[in-house]
Amino acid sequence: MELLVNIAVLNNKGGSGKTTTVVNLAGALVEQGKPVTIVDLCPQGDAGTCLGLGEYDGLYPFDVKVQPIEVKPGLRIIPAHYGRLMEYEDGGEGPLFLGYLEKGETIIIDCPPQIMRLAAAAVAASDNVIVPLAPSYLSYQGLQAVGTFIDSLKGSGVLVRKKPPIWTLVNQVRVRYSLDRSALSFINDSDHHHLTTYIPLYAHIARAVSAGTDVIEYAPNSRAADVFRELAKEVISNGLA
């Protein structure tokens, strides 16, 4: 059976579309026949909220076996709990979630929006890091910060294996405006891998969040769903899932 494939979705800037990327990419991968478990390490628990879960108090402390919740066939989530995630952030025992997941599935980790100990644990456990970015110069600065953070993990010994490659994903593109070409040139010239699919600001993405599901489930015939299908195929073709 195939080994786990782990993707950390990380950006130190809030509002980058990180969690909606996690949820909708997961839904599109499931449609492509790839079982997915989302690990929500964001203390706010936004991934669980996007998938219709309320506050969940059953995951931590870490010495209790993790029981992922099935959202729909092929898609599971390990939801966050604010208090216990912050307990880990303050020096508590490490998240042992990977020991309880199943081989042959893709694990997508929704990282916190700050550079935290939780983010370090996620990167150390991951084969690849996807960084969602708005097409702006400030987002490029955020990308630089992520790269510096991962380099620091390698230098400090937190990251003991090969440094995971960073993949940029241009997100929140206004469909009625031309892309910010100067900002994109900064992003595309960076020393990272680049996903060519970009994610526009489609209303169906926000409406799916309100409905507590992914856009593939909410509006399967929409352009928003098709874009995430394209992204899923690209992720698979590049060996990320």
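Residue numbering for the sequence shown follows this note's numbering, beginning at 1 and increasing consecutively. Just so it is clear, CB atoms sit at the ideal spot from N, CA and C, and this is done for glycine as well.
Item	Value
Candidates 41, 152, 77, 116: closest to residue 90 by CA position	116
Among 141, 120, 28, the one whose alpha carbon lies nearest that of residue 152	120
Distance, residue 204 Cα to residue 222 Cα	8 Å
Nearest residue (CA-CA) to residue 112, options 231, 215, 13	13
Simplified DSSP state of residue 22, which is helix, strand or coil	helix
Residue from 139, 165, 236, 41 with nearest C-alpha to residue 187	139
Residue 128 (DSSP reduced to helix, strand or coil)	strand
Cβ separation of residue 236 and residue 17, assumed to be a contact under 8 Å, to the nearest whole Å	About 21 Å; that fails the 8 Å criterion.
Nearest-angstrom Cα separation, counted from residue 233 out to residue 227	10 Å
Proximity of residue 77 and residue 129 at Cβ, strictly below 9 Å	no
Nearest-angstrom Cα separation, counted from residue 21 out to residue 36	14 Å
Pair within 9 Å by beta-carbon distance, residue 25 and residue 108	yes
Residue 106 beta carbon less than 9 Å from that of residue 162	no
Residue 110 versus 32, 201, 43, residue with shortest Cα-Cα distance	43
Environment of residue 206 [buried if 16+ CB atoms lie within 10 Å]	exposed
DSSP three-state assignment for residue 169, whether helix, strand or coil	strand
Cα-Cα separation, residue 148 to residue 218	37 Å
Cβ-based burial, residue 141 [other Cβ within 10 Å; buried from 16]	exposed
Spatially closest choice to residue 7 from 80, 15, 173, 122, by CA coordinates	122
Chain-order list of residues whose beta-carbon lies under 7 Å from that of residue 75 (same chain, five-residue window excluded)	26, 27, 30, 36
Cα-Cα separation between residue 135 and residue 70, rounded to whole angstroms	34 Å
Terminal residues of the alpha helix (DSSP H) in which residue 209 lies	203 to 211
Pairwise C-alpha distance: residue 174 and residue 126	31 Å
From 202, 145, 150, 68, residue whose alpha carbon lies closest to that of residue 225	202
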